[in-house]
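**Student:**
Numbering (the working numbering), first residue to last: 9 to 302.
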C-alpha cells in the first residue's frame, strides 16, 4: 500500500477518500497459478500496462512504474506465502480534495492478494452456465470510456449481475449503446457459428480483455477463424456455441441464453478451453512468455 507492505487489518483509507465518493479509481484483476514448475502470474505485465492506460484516461499519473508494480505484485504474493491467488491492484484518488475537479487529489496505489476459486464455478466451466440479456445497457464511449477498467464504471455491471441472479440466471449479457451485443457483467463474449469464432468489436463498448486477447492468439495458432464484429442478440440465440472469457471467470461456456438452449460445450469451445488451461498450468511452451514467475 503506497510502496510499503501493510498488514491486512491495517490496510485502511480515510472516509473522505475521493474514490469512495466519486468512483475515481482504476484497477485490475489478475491471477497467480500454482504449477509443477512453481507459481506464475498470468500476463502480469500486460495487466499492469492496462492499469496504466486506464489511469491515463482519467488523468491519473501513477506514482510507480510498470516494472515497480510488477515486482511489488510478486513481493505481496511471496509475503503472503500463497501458491495461487487472485490479485487486485488498484489506483485511486485518495483523501485530500473533494468535488468534481479532482486533479489535486493524491493518487494512492495498493495491491491485495487472496485465495479465490473459480468465479462462475467448476461446474460452469465444465457444463456451461445460464445467462440472460440484461435490461441495463452497457455505457457508450461518449458517456464513459469503456477502454478503462475504472471502479465507478462497475455500478453498471453490478446492476446487470444482480438482475440476472435474482431472475435465476448465473450471468448477464449487456447490449451496447446501439442495442448490439457487448459483453458480460465482467467478461468478454464469444460466439461460435460454423466453427468460426466472433466477438463484439471495441465499437460495441467492450473492455479489451487480457483473456480475450489470449483467445485471439489461441485461435490464430490453431487455425480457428476469429473476427471482431458487430452482432445482434439473435446471433447469440442461434449460435452453435458461445462462451465468456475473463481473468476471474477464465473460459466459461454458455449453455443457455434467455431460455434458448445452446447445449453442452461444443468442440471449438472445448478446444480453446483445453489450450487455455494447458497455458496456465505451464504445460504449453508455446506461450511461455505469458507466465511471469514469482
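Just so it is clear, CB atoms sit at the ideal spot from N, CA and C, and this is done for glycine as well.
Quick caveat: nothing in here was measured; it's all calculated off a predicted structure.
Strictly under 8 Å for the Cβ-Cβ distance: is residue 169 near chain D by that measure?
**Tutor:** The chain labelled as chain D is not found in the depicted structure, where only one protein chain is given.
**Student:** With DSSP collapsed to three states, give me the class of residue 209.
**Tutor:** Your numbering for residue 209 matches position 201 in the chain shown. Residue state, collapsed to three classes: coil.
**Student:** On the DSSP bridge list, what partners appear for residue 261?
**Tutor:** Here residue 261 refers to the residue found at position 253 when the chain shown is read from its first residue. According to DSSP, which records beta bridges pairwise, residue 261 is partnered with 251.
**Student:** Does DSSP classify residue 276 as helix, strand or coil?
**Tutor:** One-based indexing of the chain shown puts residue 276 at position 268. In the structure shown, residue 276 sits in a helix (DSSP, three-state: H, G or I).
**Student:** Keeping to the same chain, check which residues put their C-beta closer than 7 Å to that of residue 205; ignore five residues upstream and five downstream.
**Tutor:** To locate residue 205, count along the chain shown from 1; it is residue 197. Result list for residue 205: 198, 227, 232, 233, 234, 276, in chain order.
**Student:** Give me the Cα-Cα distance between residue 181 and residue 255, rounded to the nearest whole angstrom.
**Tutor:** Looking up residue 181 in the chain shown gives position 173. Looking up residue 255 in the chain shown gives position 247. Cα to Cα, the separation comes out at about 17 Å.
**Student:** Identify which residue in 118, 102, 96, 210 has its Cα closest to the Cα of residue 149.
**Tutor:** Residue numbering aside, residue 149 sits at position 141 when the chain shown is read from its first letter. Residue 149 has its Cα closest to that of 210, out of 118, 102, 96, 210.
**Student:** Would you be able to state if there are at least three C-beta pairs under 8 Å between the region 123-134 and the region 11-21?
**Tutor:** They do not touch, by the three-pair rule.
**Student:** Looking at the unbroken alpha helix (DSSP H) that takes in residue 15, where does it start and where does it end?
**Tutor:** Taking the first residue of the chain shown as position 1, residue 15 is located at position 7. Careful: residue 15 lies outside any alpha helix (DSSP H) and carries neither H nor E.
**Student:** Please tell me whether residue 300 and residue 52 are closer than 8 Å, where the distance is taken between their beta carbons.
**Tutor:** Taking the first residue of the chain shown as 1, we reach residue 300 at position 292. Taking the first residue of the chain shown as 1, we reach residue 52 at position 44. Going by C-beta atoms, residue 300 is nearer than 8 Å to residue 52.
**Student:** For the putative contact between residue 152 and residue 161, defined by C-beta atoms under 8 Å, what is the C-beta separation to the nearest angstrom?
**Tutor:** By one-based count along the chain shown, residue 152 stands at place 144. By one-based count along the chain shown, residue 161 stands at place 153. With 8 Å as the limit, residue 152 and residue 161 qualify as a contact, their Cβ atoms being about 5 Å apart.
**Student:** Do you know offhand how far residue 241's Cα is from residue 174's?
**Tutor:** Mapped onto the chain shown, residue 241 falls at position 233. Mapped onto the chain shown, residue 174 falls at position 166. Taking the straight line from one Cα to the other gives about 21 Å.
**Student:** What is the rounded straight-line gap between the Cα of residue 7 and the Cα of residue 302?
**Tutor:** Absent from the model: residue 7. The displayed extent of the chain is 9 to 302, so no value can be given.
**Student:** The beta strand (DSSP E) with residue 120 in it runs from where to where?
**Tutor:** What you label residue 120 is simply residue 112 of the chain shown in a count that begins at 1. First-last of the beta strand (DSSP E) with residue 120: 115-122.
**Student:** Can you tell me whether residue 109 is buried or exposed, with buried defined as 16 or more other CB within 10 angstroms of its CB?
**Tutor:** Position 101 of the chain shown, counting from 1, holds the residue named residue 109. Classification of residue 109: exposed, given that the 10 Å Cβ count is below 16.
**Student:** Touch check for the region 104-124 and the region 85-96: three-plus C-beta pairs under 8 Å?
**Tutor:** Touching, yes.
**Student:** Return the bridge partner residues of residue 196 from the DSSP annotation.
**Tutor:** As a first step, residue 196 is located in the chain shown; it is residue number 188 there, counting from the start. 191, 253, per the DSSP bridge assignment.
**Student:** Are the beta-carbon atoms belonging to residue 265 and residue 172 less than 8 Å from one another?
**Tutor:** In the chain shown, the residue the question calls residue 265 occupies position 257. In the chain shown, the residue the question calls residue 172 occupies position 164. Taking 8 Å as the Cβ cut-off, residue 265 and residue 172 do not qualify as a contacting pair.
**Student:** Run through DSSP, which three-state label would residue 59 get?
**Tutor:** Along the chain shown, read from residue 1 onward, the residue named residue 59 stands at position 51. Helix at residue 59.
**Student:** How many angstroms separate the CA atom of residue 281 from the CA atom of residue 159?
**Tutor:** As a working note, residue 281 is residue 273 in the chain shown. As a working note, residue 159 is residue 151 in the chain shown. Answer to the nearest angstrom: the Cα atoms are 29 Å apart.
**Student:** Under the DSSP definition of a beta bridge, which residues are partnered with residue 144?
**Tutor:** Along the chain shown, read from residue 1 onward, the residue named residue 144 stands at position 136. In DSSP, residue 144 forms no bridge with anything.
**Student:** Can the beta-carbon of residue 201 be found closer than 8 Å to that of residue 248?
**Tutor:** What you label residue 201 is simply residue 193 of the chain shown in a count that begins at 1. What you label residue 248 is simply residue 240 of the chain shown in a count that begins at 1. Cβ distance < 8 Å, so residue 201 and residue 248 count as in contact.
**Student:** Starting from residue 245, follow the alpha helix (DSSP H) in both directions and report where the run begins and ends.
**Tutor:** The residue you call residue 245 lines up with position 237 of the chain shown. Segment 241-245, the alpha helix (DSSP H) holding residue 245.
**Student:** Could you tell me the distance, in whole angstroms, from the CA atom of residue 116 to the CA atom of residue 137?
**Tutor:** Looking up residue 116 in the chain shown gives position 108. Looking up residue 137 in the chain shown gives position 129. Distance between the alpha carbons of residue 116 and residue 137: 37 Å.
**Student:** To the nearest whole angstrom, what separates the beta carbons of residue 155 and residue 215, a pair I think is in contact under 8 Å?
**Tutor:** Taking the first residue of the chain shown as 1, we reach residue 155 at position 147. Taking the first residue of the chain shown as 1, we reach residue 215 at position 207. Rounded, the Cβ-Cβ distance is 7 Å, consistent with contact.
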